[in-house]
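Protein chains in written order, with this note's numbering: chain G, 39 to 362; chain U, 2 to 251.
Spelled out as C-alpha cells, the structure:
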C-alpha cells in the first residue's frame, strides 16, 4: 500500500493546464492529513520543475517518440510506470476527455478502485473521500476506495489555483516499455476547431441559448457574439440542439456536457430538470427569460425577466465596453 | 461480424431523483425507466451496420436483475437479434465490465458498442475497463464512426472544439456520444417480433466492489437569487455592476 498523492498534470501547446495546478494545491492539503508527498505525473513531455510552485515535490515524466501523439494504450502504460515509481495511495486526475479515456483501463489493470467526476475532496480516517454528483447532479454522494490504490478524477474548476511560490519540483524521467497492443488504437489525425475556445467542461465562463433563439442564424448572431465578448464558451440547451440551432457538442445538460464554470449565462432557457442537472454547480448563474415563472429563476444568482433579443445585445455592448 | 451492444436501463432524464436515505442511496421504486440515452446511439450504430449487411448479428448485453429485461426487449424491438442478461453480485464499474467482457467473449463478438456513460452513476468507466479486460483496442466517446472490414475509425472530442481521429482494428470496444446518429423508434412489427426473441441469462463471478458510496443527498440548495428591477438598460448595467463588484467574475 503506497503513500502520498500522485497528480496527473495535463498540458497542451501553451504549457501545463490549470486543472493540474488546482489538483496539486488540493493534494498538498490532503497529503498533510493522510501522509506522504505530492508527486506530479507528466506524460508526453519532459520536465515539470515549475509544478513545484503549486505543491509537487517531484515531477515524474514519460516522454519520447511513443508519446508524440495521444494513444490510450501508451498513456495507460506510462501512468502505470509512473504509479510504480511513485507508489502513491491516491491518483488524482482532471475529469478530462483523455483522462476518462485511459484511466479506467489502468484502474482495471491494477485492480484499483476508481471514482469519477468528483467536485470536492476531503481527508477522513487516513483516506481521501470524494464528494461527487451522480444522476448528472440530481444526487450527491461520498465515494471512497476501501482498500488499495484509489484513482479519482476531479471536475475542472473544483478548486482554486493557489498563489504558487513553492520550490521547484525535482524532475525525474521514467522509462516506459510499451507492450504489444499498446498502440492498437492511436490518434491518426486531429481536426482543429475553427476558433479556439475553452472546452465547455473546462470553461470558466459559458453563455448558453435555448430553443427560443428560434434559428441557427440567431444563435450565431446573438449567443456566440455575447459569449465572445467575455471570452466565454457558447453552450445550448437540449431543445436548442435538437432543433438544429447549435451543434450537439454545445449541449449542456444530463445528456450533454456537465459544466462547472464561475459564470453561466442562460439566455432564453426555461431550466428543464435535465438542463439544470448539467449546470447547477456553476458558481454564478445569470438567467434572461421572458417568463417570470421559468424554473431557471429559482437557481439563478441574478435574473432578468425580459426578452433576450433585446437584453443580449445590450449586455454584449456593456461587456465589450468593459473589456475595451 | 457479430456486434455486441451494451445496454442499461436508467431513470428517465425528466425524472426527479429521490434519496431513500443518506446511506441507501436513490429510491428507484417509482422512477420511469428508459434506455440509457448514450446506449441508444450505440444500438443505432449497430443496427445501421446490420442494415448495411456489415453486421451478421446484433446482440444486446445487459447487467442486472430480471427487471432490466423490459428495456432490453425495447432494444430487441428496434431490431437487435437477441440478448444476454448477466447477473453479478456486488456492483461496481470493474465488476460490471468484467461480467460484460466474459459474456461478450462467450458469444464471439467482434465489435462492442456501448454508451459513453450511463446517466445514473455517470462513471464513464465500463467501456474502457471492458476493453482492458478483453485485451482489445478502444475508442471512447465517438460522435462519428467508420468500420471498414477490420479497420475502425472514430472521431472524438479533444477539447476546445477540435476532434481526434482514432484508428484501431477489430476486435474493439467503441463508446458512443451524442451526434453519432438519430436512434430509430421500434415499429409495431418490431415490437411483435421482439416478444419471441431470446434473452439468455448467465451468471458472472464478481469480486467485492472497490468503491463504497455513502452520505447520499439531494444537491445542495443554491442561495436565493435576485431578480433585477428597472427597464432593460438599467437591469443590464446593474447586472454588469453585480458581476464585477459583488460576484467578482468579470
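Where a beta carbon is used, it is the ideal one built from N, C-alpha and C, also for glycine.
Source: prediction; values computed, not measured.
Interface annotation for the segment 226 to 254 of chain G against chain U: 226, 227, 228, 229, 230, 231, 232, 233, 234, 235, 236, 237, 239, 240, 242, 243, criterion Cβ-Cβ distance under 9 Å.
Straight across, the Cα-Cα distance linking residue 85 of chain G with residue 261 of chain G is about 40 Å. Here residue 251 of chain U is actually not in contact with residue 239 of chain U; their C-beta atoms are around 13 Å apart, not less than 8 Å.
With distances taken between CA atoms, residue 183 of chain G lies nearest to G:167 out of G:176, G:172, G:175, G:167. Between the alpha carbons of residue 127 of chain U and residue 187 of chain U lies a gap of roughly 27 Å. The Cβ-Cβ distance between residue 75 of chain G and residue 57 of chain G does not fall below 8 Å. Rounded to whole angstroms, the separation of the alpha carbons of residue 179 of chain U and residue 20 of chain U is 28 Å.
Residues of chain U whose Cβ lies closer than 9 Å to the Cβ of residue 219 of chain G are, in chain order, 136, 137, 138. Check the Cα spacing between residue 55 of chain G and each of G:81, G:41, G:68: the tightest is with G:81. Distance between residue 93 of chain G and residue 65 of chain G, taken at the CA atoms: about 8 Å. Straight through space, the alpha carbons of residue 65 of chain U and residue 235 of chain U are spaced by roughly 56 Å. Interface criterion not met: the Cβ of residue 116 of chain U is under 8 Å from no Cβ in chain G.
Pairing residue 188 of chain G with residue 215 of chain U gives a Cβ-Cβ distance that is not under 8 Å.
Boundaries around residue 348 of chain G are those of the alpha helix (DSSP H), 346 to 361, since no beta strand (DSSP E) includes it. In this structure residue 46 of chain U is in contact with residue 177 of chain U, their Cβ atoms being roughly 6 Å apart against a cut-off of 8 Å.
The alpha-carbon of residue 99 of chain G is positioned some 25 Å away from that of residue 159 of chain G. Interface criterion not met: the Cβ of residue 165 of chain G is under 8 Å from no Cβ in chain U. For residue 120 of chain G, the closest alpha carbon among the candidates G:302, G:47, G:250, G:222 is that of G:47. In terms of Cβ geometry, residue 95 of chain U and residue 4 of chain U do not form a close pair [threshold 8 Å]. Residue 2 of chain U carries a coil assignment under DSSP once its states are collapsed to helix, strand and coil.
When C-beta atoms of the segment 111 to 129 of chain G are compared with those of the segment 206 to 218 of chain G, three or more pairs fall below 8 Å, so the two segments count as touching.
Here residue 81 of chain U is buried, its C-beta having at least 16 other C-beta atoms within 10 Å. If you ignore the 5 residues before and after residue 268 of chain G, its C-beta comes within less than 6 Å of the C-beta of 243, 357, all in its own chain and listed in chain order. The beta strand (DSSP E) runs of length 3 or more contained entirely in the segment 192 to 277 of chain G are, from start to end of the chain, 208 to 211, 224 to 229, 243 to 247, 271 to 274. For residue 311 of chain G, the enclosing alpha helix (DSSP H) covers residues 311 to 317. Under the three-pair Cβ rule at 8 Å, the segment 151 to 170 of chain U counts as touching the segment 219 to 230 of chain G. Look at residue 298 of chain G here: in three-state DSSP terms it is coil, with no helix or strand label.
Only residues of its own chain outside the window of five on either side were considered, and among them 290, 297, 302 have a CB closer than 6 Å to the CB of residue 317 of chain G, listed in chain order. DSSP places residue 50 of chain U in no beta strand (DSSP E) but in the uninterrupted alpha helix (DSSP H) bounded by 38 to 52. Counting the other CB atoms within 10 Å of its CB gives residue 217 of chain G a total below 16, which places it among the exposed residues.
If you look at residue 130 of chain U, you'll find it in the alpha helix (DSSP H) that goes 127 to 135. Counting C-beta pairs closer than 8 Å gives three or more between the segment 34 to 46 of chain U and the segment 98 to 118 of chain U, which meets the contact rule.
Between residue 338 of chain G and residue 323 of chain G, the gap from beta carbon to beta carbon is short of 8 Å. Under the Cβ distance rule, residue 63 of chain G does not count among the residues neighbouring chain U, no pair being separated by less than 8 Å.
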